[in-house]
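Trainee:
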Amino acid sequence: MVRYDNGRVIEREAVNRYNDVGEKTGTWKSFYGDGRPKEEMVYIRGRLNGLSKTYNPQGELVSGIYYAEDKMVSDTVVSSDKRETQSIYIEEQKLTRKGPFLEQKPVGIHLYHNGYDSIVKAEIYSDKGVLLSGGRIDKEGSKQGEWKEYYETGLVKSIGRFNNNNKVGEWVFYYQNGKVEQKGGYKNNVPDGKWFWYYETGELKREESYYLGQKEGTYTEYDEFGNVIVSGEYYDGEREGEWTIDVGDIKYKGNYVAGLQNGTWKAYFEDGTLYFEGKFIQGSPDGKHKLYYPQGILKEEQYYKMGFKENNWKKYGENGDLAFIVTYKNNKEIRVNGIKIEDIGKSKVKQL
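Below you can see the structure in the form of structure tokens.
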């Protein structure tokens with residue numbers, strides 16, 4: 000992140016970074032639409048550490064939560080808001096609730112203690128008094144057992160279990176209309192096993208499998224009418240082997256190797272007529288590629304050399320007649336119908 004003053008760089012700050020193994024590291028920031036800070040957090044090896052700050056839309060600091068190795072240590076009032084920490088005894092639950100209030104609304108972290116002063120659960124509220132999440136924590140501040148997250152409307156956003164701050168077992172995520180958005184398992188805080196995604200209308204959207212956080216095995220995606228539009232296999236988190244992919248009314252078929260298109264790919268119209276045929280090497284188009292009209296007449300011939308446009312590209316009319324030729328060299332147009340590009344430019348200038 001770079002800050003300027005009258006066109007001069009006055010400050011540089013590295014934010015929102017990952018380390019070599021894909022874990023969040025250092026300072027992470029989010030912003031409101033006008034650029035004002037919204038949240039500021041510090042990560043070490045993917046875990047929250049230190050003071051996490053929250054700001055209101057006016058840019059004022061409204062709350063802070065201290066973390067140590069992803070564990071909530073304390074909620075601290077770090078703003079000018081007139082917050083008041085209260086302890087309330089709940090007779091029917093035999094619990095004492097302790098946490099900050101602002102204008103009689105709960106904000107930040109509220110902890111529930113039993114008669115032995117042990118923390119049995121926690122609730123986290125926004126600065127507007129809206130319940131964001133709640134569940135059990137242990138005396139060390141680690142999330143344990145079932146937790147629920149909520150939309151600002153109060154509807155459930157997700158339900159799942161924690162073990163020492165790590166997501167485990169089945170988790171279910173919901174749309175605001177109450178229907179399931181996705182569900183699947185976690186192991187040691189990463190997706191594991193079968194996962195299902197759904198449209199807001201309830202129809203199955205896709206199904207996929209994970210092994211220790213990486214996609215593994217069969218992947219299938221559906222349209223809203225239940226038709227398969229994408230299918231293939233993952234290996235070590237990368238597409239592998241034969242895949243079929245629908246793009247609009249066109250169906251593409253071909254192979255992936257380590258996540259890259261490889262070998263001959265073909266595409267077909269809905270009636271099975273060939274639309275496209277071409278070769279790929281490690282994700283780059285190579286050699287001659289052909290496209291066809293729905294009636295089977297050649298539409299275009301392209302030529303690539305390891306991803307670069309080369310040689311003559313020919314385009315044909317629907318009657319099969321050659322329309323024009325564009326010649327490429329090192330991915331750059333050099334001729335149109337045999338005339339050099341610079342000569343075409345000179346001709347247009349003369350006409351003017």
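The numbers in numbering that gives the first Met the number 0 rise by one with no breaks, and the one at position 155 of the sequence shown is 154.
From the three backbone atoms N, C-alpha and C, an ideal C-beta is built for every residue, glycine too.
Any idea if residue 164 is buried or exposed, counting beta-carbon neighbours within 10 angstroms, 16 or more meaning buried?
Mentor: Residue 164 is buried by the Cβ-count criterion.
Trainee: State the beta-bridge partners of residue 203 as determined by DSSP.
Mentor: Paired residue(s): 197.
Trainee: Apart from the five residues on each side of it in sequence, which residues of its chain come closer than 6 Å, Cβ to Cβ, to residue 56?
Mentor: 31.
Trainee: Quick one: what does DSSP say residue 223 is sitting in, helix, strand or coil?
Mentor: Of the three classes helix, strand and coil, the one that applies to residue 223 here is coil, per DSSP.
Trainee: Could you give the uninterrupted runs of the beta strand (DSSP E) lying entirely in the region 86-169, keeping only those of 3 residues or more?
Mentor: Complete beta strand (DSSP E) runs here, min 3: 94-101, 107-112, 118-124, 130-136, 142-149 and 155-162.
Trainee: How big is the Cα-Cα spacing for residue 200 and residue 262?
Mentor: Distance between the alpha carbons of residue 200 and residue 262: 38 Å.
Trainee: Measure how close the beta-carbons of residue 284 and residue 306 come, nearest whole angstrom, since I'm counting them as under 8 Å.
Mentor: With 8 Å as the limit, residue 284 and residue 306 qualify as a contact, their Cβ atoms being about 6 Å apart.
Trainee: Measuring straight from C-alpha to C-alpha, what distance separates residue 131 and residue 172?
Mentor: Rounded to the nearest angstrom, the two C-alpha atoms are 14 Å apart.
Trainee: Buried or exposed for residue 128, please, with buried defined as at least 16 other CB atoms from any protein chain shown within 10 angstroms of its CB.
Mentor: It counts as exposed.
Trainee: Please name the residue in 329, 296 and 278 whose C-alpha comes closest to that of residue 321.
Mentor: Nearest option by C-alpha distance: 296.
Trainee: I need the straight-line Cα distance from residue 52 to residue 204, nearest angstrom please.
Mentor: Computed Cα separation, rounded: 37 Å.
Trainee: For residue 214, count neighbouring C-beta atoms within 10 Å of its own C-beta (all shown protein chains included) and say buried if the count is 16 or more, exposed if not.
Mentor: Counting Cβ neighbours within 10 Å, residue 214 comes out buried, since at least 16 surround it.
Trainee: Quick check on residue 300: does DSSP put it in helix, strand or coil?
Mentor: Correct three-state label for residue 300: strand.
Trainee: Please state if the CB of residue 290 and the CB of residue 275 are separated by a distance shorter than 8 Å.
Mentor: Yes, they are a contact pair.
Trainee: Based on the DSSP secondary-structure assignment, which residues constitute the bridge partners of residue 171?
Mentor: Answer is 158 and 182, bridged to residue 171.
Trainee: Could you tell me which of 107, 86 and 266 sits nearest to residue 245, measuring between CA atoms?
Mentor: Per the Cα distances, 266.
Trainee: Identify whether residue 38 lies in helix, strand or coil by the three-state DSSP scheme.
Mentor: Here residue 38 sits in strand by DSSP.
Trainee: Under a Cβ-count criterion, where at least 16 other Cβ atoms within 10 Å of its own Cβ denotes burial, should residue 301 be classed as buried or exposed?
Mentor: By the 10 Å Cβ count, residue 301 comes out buried.
Trainee: Between the C-alpha atoms of residue 18 and residue 46, what's the straight-line distance to the nearest angstrom?
Mentor: Each residue's Cα considered, the two are about 12 Å apart.
Trainee: Using a 10 Å radius around the Cβ and a threshold of 16 neighbouring Cβ atoms, would you call residue 323 buried or exposed?
Mentor: The residue is exposed, with fewer than 16 neighbouring Cβ atoms inside 10 Å.
Trainee: Verify whether the separation of the beta carbon atoms of residue 355 and residue 197 is less than 8 Å.
Mentor: With the chain covering 0 to 351 only, the question about residue 355 has no answer from this structure.
Trainee: Just how far apart, CA to CA, sit residue 233 and residue 221?
Mentor: Near 17 Å, if we compare the C-alpha coordinates of residue 221 and residue 233.
Trainee: So if DSSP puts residue 334 in a beta bridge, which residue, or which two residues, is it bridged to?
Mentor: DSSP, once it has assigned bridges, lists 326 and 339 as partnering residue 334.
Trainee: Is residue 315 helix, strand or coil when you go by DSSP?
Mentor: Three-state result, residue 315: strand.
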